[in-house]
Each structure stands twice: as structure tokens, then as C-alpha cells.
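K.L.:
Below: one structure in C-alpha cells.
Residue numbers (full-length UniProt numbering), protein chains in the order written: chain A, 1 to 657; chain B, 1 to 148.
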């Protein structure tokens, strides 16, 4: 009964989505306030309907209702409670429902927080979001109904894939989806701007906080996913350039470009059509990413063949979104030309450079991700594009980005003198090169990659320190507290995010260059040495869990005789899925992780043990965290709220067709 | 400088940046493609020598042997028609086992032994790596053609 209620509620949500898609749009075209006003209640009602459907599905998982196909395949009575809940989105159908839920959450957020937008503009934004939602809900209902029954019901479910039975599963997909789907708001603002022909600085100011918040979610989602892969997959790596990872990284790169290009549009009125194009592309890549991951296209192109309707629907939806928005763009964008001109040495130019490079970087990831799929789909042979390609491309592309990133805030808008910009930065430049080379020599790893990474990281961190110092210099005489208080939140956001990049580069460089690894056969009592640490294998004991059996090893780690940690890696065997799993054990430290996993048991009673030393790896995630916190600061800047209020009456009076 | 020539310089700069970046990407792409070959193709000498490539197929039953160090593993990968011996040092994926599909990446030694740098099995028990499936399908197709 409850699944049927959920199904019905989902159909109701689709109807409301269509109402939201059509009525306010018509109202905006005919300038009818009453029709435009329908959008808001329709969006809010749609949210309630989807949330109710989601609740019904969760209920079926919680009560182990194995007459529901999805629960039977992805849950088990012995599954721990938390993984019964996360099992709701640990599958194709349920994750689509989560997608729809986060879209309606964003839509409701727009109706609440952007109340001061002009009516016609708001109506168009809601209309666009309604169309996206209608597309997704019909995709869910027609091809991937989560409420399909399994008759007769089975007595026991097949349990959730053990890889997904992890704390990462609780927050990673919701964060990532909030990020992916969040770009739909930026997209809707862009399409509404094209439709209304209104694309000025005020538009950019409305759009900026939404874009930034979506970017924050995406950053956090990717970081959590990477951390999850690090400890759960048991290989000690944190980024594999896997197509699934690339699918989330591409919208992030373009989203980063979009945030910066919106800044130019707001401050200078320039880059307008480029900003619109970025908003469209970022959302298109989010869609592509969702589908690549969720349709099974990536694990196998032939997943299209298992349910051809799904694949076709996916393609149709993508083609419609990209086709319609690009056509609209081609038709309306020429009207958007203009904006101020700027010189070679100007903040505008540094941001232009960064945008070009980020776009090329996105293109290179897209090429590496899609080319093998195309070849395979056309039966032209099978190839794979691995990490060496992405590394060969990314280091040279991102080096100028990082250099420009520090220069940008020192340069004035419109035009500036080379001398004025470089004067404060020359010492920073010299110091970064000296520090980079010095540290590389000190740690005894003088390669181009290490030196470059350390120089760039020093450049970012010292440059950021210098930037903060120049804020003080501008207000000589004011107290330190007064200066700090006087800095707007948006500036802190930029500063923190840039510092985050510096920290991230340190983590990626050091963990990449200085990591050590040893796979070794060990018997109880035996020791092994790695990077100055001594690992003593104490033996293996049985440690059964709720839905698995496990062999749990005890390994003592010491350094020059002083105990550091006792680690317990496990080899688990999940009963329902008949699947083995390696559970790594990590001693996390600020400057290094010591990571141990348990391999196979050999015939003579010894075990294969993997030992890893990972210097500075936590800095990778610390850097991402700082970027996300920076985004929160940037989005919370007071001027967005103030200006939204001031702008509103003027915008309403100027209502355009 | 006149505004127009300044603008021209800016556009030229952006275009140069773009062209350089694209050239870099395409060059790196060409150098780092990893091709896939079936065991039959490898046995026929169609695989490149000295360049990394991938082989997909089934891990032959009874072929897994561990060296005395416990970490070096020898096994054979087959598409049911031809068998290629593989040597690998390191931890194997959880779902790697005899009779199951696997994909290995590495280079072919002069002795016909494949030195794997990476062994991939799937994340899911029900799932056959598509490349392994492809190799077996190809071999079956070839066998049928011969039979006819």
C-alpha cells in the first residue's frame, strides 16, 4: 500500500512540475501576474509530493518490504539501519528520486530566498526548473520506477553492495547531487535571462550566490567521494581519473570558471554571452555526469542494450536540454554584446586567461572520458585513457591558472601598470622559487613535478599572505581588528578558497612524490620496515559483523621504538552478496598517514599485507574544505541581500517581456 | 597603443593560449592511449611490443601460483581459445579469482610473458568486465566461423 502511495505521489509531482513548467512561462509572456504567481505554490507542492514519495521508499527499506523490487535487490533484514536508509539511493532508481528531490529542494529555496526577483523573471526561472523536473520525473516514472513490485515477494533481500556500506555513502551522494543539481539554478537564471533579454550586472548579482552554493556542494561532494575511495577501495590512492570521477570533475571545472566569469559580468558588465554559455555548459555536463554514472554507460556501453528505453530517454533528454538552450543562445546572445573594454594588464584579462584554460581543461577531461565510449559504441575497437594522459595534460594547463590566480587580485579592473602589479609580487616570486627548490632538496626528491608543485604552492600561500598585508597597508593607522572587520565576506571567500588551492597542491605534490608502499608476506610476530616505521604483525582473529564475517589483523606500528598506533585492517566476507571486501586501517596524522590493508591468506598461514606511507595526504582534503568554506563566505556576502532588496522595486517596475 | 590594436593583441593572445593548450592536450592524448587486445590477438602477435596495453578474459582455473615472497603472482588469462601467462607483483583486487573475468594492463615481455602493472576486477559480483566479456565473445565467434 505505502509504495503505491509513493508512486501516486510521484505522479502528482510530475503533474505539478508540468504546471510549474507551463503556466508561469505563459504568464511571463502575456504579462499576467496571476499566472506567474502559480509557479511558487506549484514548486512548493511538488517538493512536498516528491519528499513524500521519497519517504515512502525509505519506509519500504526500513521495514524490509521485499515485495518491493528495489528493496529486495538492495537491502536485507540484517543490513544495519543506517545502510537500509542509504540503500534507498545506492541504486539507479532511488538515486534518480534523490536527484528529483534535490532539484525540488533547490527550486523551493529559490522561491524562498529570491523572493525579491521581478515577477516575470522569477516566473521564467521557475518555468525552466519545472521543465527540468518534468523531464526527470517522467524519466523516473517511465523507465526507472522505484516503486515496482516484486510478486511474489521474496523472503530475504540481496543486501546492499558491500562497497556502499560505508559512512561515505551517507553524505557523498546527497552532497554531490546537491552540487550537480544546484547548477540547474544557474542554468535557469541563464535561460530566463535569454528569454527576457535582461542580462545586466543585477542579473549576475542574483545568480552569483546560487552558483557559488552549488559549487560548494559539488566541491564537498567530490572531496568526500575522494576520501571514501582513499580508505574504502584499499589502494591508498585518492584520485584515479576514473570516468565516474571525471563526470563530477567536469562540472566542477566549468563551475569554477563560471563563478569567476560571473564576477566580471557583475563588476564590469563584460563576458556576458560567455557567462551564459558557461552556465548552460556546466549544467549540461552535470546532466551528462549523472547519466554517465547512473545509466551504466561507463561500466559498459552495452548497458544501453539491457534496457534500451533508458538509454534512449537519456540521450533524448540531453539532446533536448543542450539543443534548446544552445538554439536560444544563438538566437538571443548577439543582443548581449557589449561590456567595457579592458587592457592587456587588467583583472579582466587575468580572469579571461583563467576561463580559457579551465574550459580547455574541461574539454581535455571530456575527450579522455568520452572518446573510449564513442569508439566502443561504434565498434571501432576498445581503448582506455588512463591517469598518465590526465596528468600529462593537467599539470601544464593548471600551472598558468595557479600563476594567474595569485596575480588577479593584485591587478585593477580595466587596466593597470605592469610595474605597479609586480612590485609587491617580485619578492613573493623569488621566495617561492627558493622555498620550492629548498624543500625539494631537503626531502631529497628533486624532480620537475615536485619542484613545480612546491613552487606553485608557496606562490599561492605567500601571495595570499601578501594580499592580506596589502589590505592593512591601504588603511594605515586603522587597528588590525578594524581592518579585518572592514573586509567584505566575499573577499574572505576568495582568499580562503585560493589558500585552499595552495594547501591542496602541497598535499597532492607531497603525497604523489614521497609516498612509499610495500606489499609483504607476514607471519604472526614478523616485522617489516617502511619509511622509518616498524610494523609488527600480531596475528589475525575472527571478528564477525552484523551482515559479514571478518578476519581482523592486529598490527603494531612503532617509530624508533616508540609506539605510534595499533592498526586493525580487516578482510570481510559479506554473506548475502557472497562478496569479499578489504577494509583498510589508517593512522591519520597532520603530516602523514600510515595506511595498512590486509590481502590474501596464504597456504602456510601467513598473510599478504599492504603497507603505505602517505605524507601530507590529509592536506588534499583540508584544501578542499577551505575551498568549500571560502564558497560559503563568498555566498554569504551582505551585499547580495542588500542589493536584492534595493534592486527589487526597480526591477519590478522595469518588467520586460 | 590604440584601443583597437590593444584589443587585437588581447584576442591574439587568447587564441594563442587556446591553440597551445589544445595542441598539448591532443599530443598527450595520442601518446597515452592504451589499446585493448584479446588473448587471441596477443598470441597472433598483433599486440604492440614495448608499449602498455590491456588484455581481458577469464582467469584460467588452476593457473594462480604465488612465488615464495607471497606477493608475486603468476596466472593465465584466456578467452577460451588462447592462453596468455601473466606475472604481477602486488595486492590483487578483492573479486579476483579463478574462473572469473579480469582485465590486466602492462607490457608483453620478449618471453611471451605479460608483465602486469595493474589488475582490474569488477566492483560487483554479478558483473563481468566488458572487456573480458568481449574477448570471450570474439573467441567464440571465431570458433564458430571455423566450425562452419
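Even glycine gets a Cβ: it sits at the ideal position worked out from N, Cα and C.
This one's a predicted model, so the numbers in the text were calculated from it and none came from an experiment.
Starting from the beta carbon of residue 606/A, find every residue of chain B whose beta carbon is closer than 8 Å, and list them in chain order.
P.N.:
The answer, in chain order, is 70.
K.L.:
So what's residue 32/B in DSSP terms, helix, strand or just coil?
P.N.:
It is coil, neither helix nor strand.
K.L.:
Which chain A residues are close to residue 28/B, counting only those with a beta carbon under 7 Å from its beta carbon?
P.N.:
389, 392, 393, listed in chain order.
K.L.:
So that I know if they touch, is there some Cβ in chain A lying closer than 8 Å to that of residue 49/B?
P.N.:
Closer than 8 Å: no.
K.L.:
Please report the straight-line C-alpha distance between residue 300/A and residue 243/A, rounded to a whole angstrom.
P.N.:
With a pLDDT of 43 at residue 300/A, under the threshold of 50, the modelled position of this residue cannot be trusted; read the value that follows with caution. So the alpha carbons of these two residues sit roughly 11 Å apart.
K.L.:
With contact counted as at least three CB pairs below 8 Å, one residue from each stretch, are the segment 9 to 16 of chain A and the segment 130 to 149 of chain A in contact?
P.N.:
Cβ pair count under 8 Å is three or more, so yes.
K.L.:
Which residues, in order along the segment 521 to 533 of chain A, keep a beta-carbon less than 8 Å from a beta-carbon of chain B?
P.N.:
Hits within the stretch, in order: 521.
K.L.:
Beta-carbon within less than 8 Å of residue 15/B's beta-carbon, same chain only, minus the 5 sequence neighbours each way: which residues are those?
P.N.:
Around residue 15/B: no qualifying Cβ.
K.L.:
How many Å lie between residue 19/A and residue 583/A at the Cα?
P.N.:
When rounded, the distance between both Cα atoms is 49 Å.
K.L.:
Go ahead and pull the three-state DSSP assignment for residue 137/B.
P.N.:
Helix at residue 137/B.
K.L.:
Report the neighbours of residue 349/A on chain B: residues whose CB is nearer than 7 Å to its CB, in chain order.
P.N.:
What residue 349/A touches in chain B: 10.
K.L.:
Consider the Cβ of residue 6/B: report whether some Cβ of chain A lies at a distance smaller than 8 Å.
P.N.:
Yes, because at least one Cβ of chain A sits closer than 8 Å to the Cβ of residue 6/B.
K.L.:
Could you tell me if residue 31/A is buried or exposed, where buried requires 16 or more neighbouring beta carbons within 10 angstroms of its beta carbon?
P.N.:
Label assigned to residue 31/A: exposed.
K.L.:
Determine whether the Cβ of residue 600/A lies closer than 8 Å to any Cβ atom of chain B.
P.N.:
For residue 600/A, the answer is yes, since a Cβ of chain B falls inside 8 Å of its Cβ.
K.L.:
At which residues does the beta strand (DSSP E) containing residue 117/B begin and terminate?
P.N.:
Where residue 117/B is concerned, the enclosing beta strand (DSSP E) stretches over 114 to 120.
K.L.:
What do you reckon, are the CB atoms on residue 260/A and residue 547/A nearer than 8 Å?
P.N.:
No, the pair does not count as a contact, with Cβ atoms beyond the cut-off.
K.L.:
Measure the alpha-carbon distance for residue 28/A versus residue 211/A and round it to whole angstroms.
P.N.:
When rounded, the distance between both Cα atoms is 24 Å.
K.L.:
When the Cβ atoms of the segment 575 to 594 of chain A are set against those of the segment 613 to 629 of chain A, are three or more pairs found closer than 8 Å?
P.N.:
With the cut-off at 8 Å, the segment 575 to 594 of chain A and the segment 613 to 629 of chain A touch.
K.L.:
So is residue 304/A in contact with chain B if we call contact Cβ pairs under 8 Å?
P.N.:
Note that residue 304/A scores 39 on pLDDT, short of 50, meaning its location in the model is unreliable; the coordinates nonetheless yield the value given after this. So no, residue 304/A is outside the interface.
K.L.:
Identify the contact partners of residue 92/B in chain A, using a Cβ-Cβ distance below 9 Å as the criterion.
P.N.:
The answer, in chain order, is 599, 600, 608.
K.L.:
What is the DSSP secondary structure of residue 547/A, reduced to helix, strand or coil?
P.N.:
Three-state DSSP puts residue 547/A in coil, outside helix and strand.
K.L.:
Which whole runs of the beta strand (DSSP E) in the segment 39 to 106 of chain B are 3 residues long or more, in chain order?
P.N.:
With a minimum length of 3 residues, the continuous beta strand (DSSP E) runs that stay inside the segment 39 to 106 of chain B are 53 to 59, 72 to 78, 83 to 89.
K.L.:
What do you get for residue 61/B, buried or exposed, if any count of 16 or more other CB atoms within 10 angstroms of its CB means buried?
P.N.:
Answer is exposed; the Cβ neighbour count stays below 16.
K.L.:
So, is residue 272/A buried or exposed, given that buried needs 16 or more other C-beta atoms within 10 angstroms?
P.N.:
Buried: at least 16 other Cβ atoms inside 10 Å.
K.L.:
Going by CA-CA distance only, name the one from 499/A, 523/A, 314/A that's closest to residue 535/A.
P.N.:
It is 523/A whose Cα lies nearest to the Cα of residue 535/A.
K.L.:
Would you kindly check if the distance between the Cβ of residue 494/A and the Cβ of residue 630/A is under 8 Å?
P.N.:
Cβ distance < 8 Å, so residue 630/A and residue 494/A count as in contact.
K.L.:
Under 8 Å Cβ-Cβ, which residues of chain B neighbour residue 660/A?
P.N.:
Here chain A has residues from 1 to 657 only, and residue 660/A is not among them.
K.L.:
Could you spell out where the alpha helix (DSSP H) holding residue 523/A opens and where it closes?
P.N.:
Looking at the DSSP string, residue 523/A is not in any alpha helix (DSSP H), and its letter there is neither H nor E.
K.L.:
So the candidates are 638/A, 626/A, 621/A, 529/A; which of them puts its Cα closest to the Cα of residue 228/A?
P.N.:
Comparing Cα positions, the closest option is 621/A.
K.L.:
Going by CA-CA distance only, name the one from 571/A, 539/A, 517/A, 565/A that's closest to residue 71/B.
P.N.:
When each option's Cα is compared against that of residue 71/B, the closest is 517/A.
K.L.:
Could you work out which residues of chain B lie near residue 691/A, taking near to mean beta carbons separated by less than 8 Å?
P.N.:
Nothing can be reported for residue 691/A, as the shown portion of chain A is limited to 1 through 657.
K.L.:
For the beta strand (DSSP E) that residue 79/A lies in, which residues bound it at each end?
P.N.:
It is not in any beta strand (DSSP E) - residue 79/A carries neither H nor E in the DSSP assignment.
K.L.:
Do the CB positions of residue 105/B and residue 34/B come within less than 8 Å of each other?
P.N.:
Yes.
K.L.:
Considering only the alpha carbon of each residue, which of 187/A, 314/A, 254/A lies closest to residue 139/A?
P.N.:
Among 187/A, 314/A, 254/A, the Cα nearest to that of residue 139/A belongs to 314/A.
K.L.:
Tell me whether residue 1/A sits in a helix, a strand or coil according to DSSP, three-state version.
P.N.:
Correct three-state label for residue 1/A: coil.
K.L.:
Specify the secondary structure class of residue 60/A as computed by DSSP and reduced to three states.
P.N.:
Helix.
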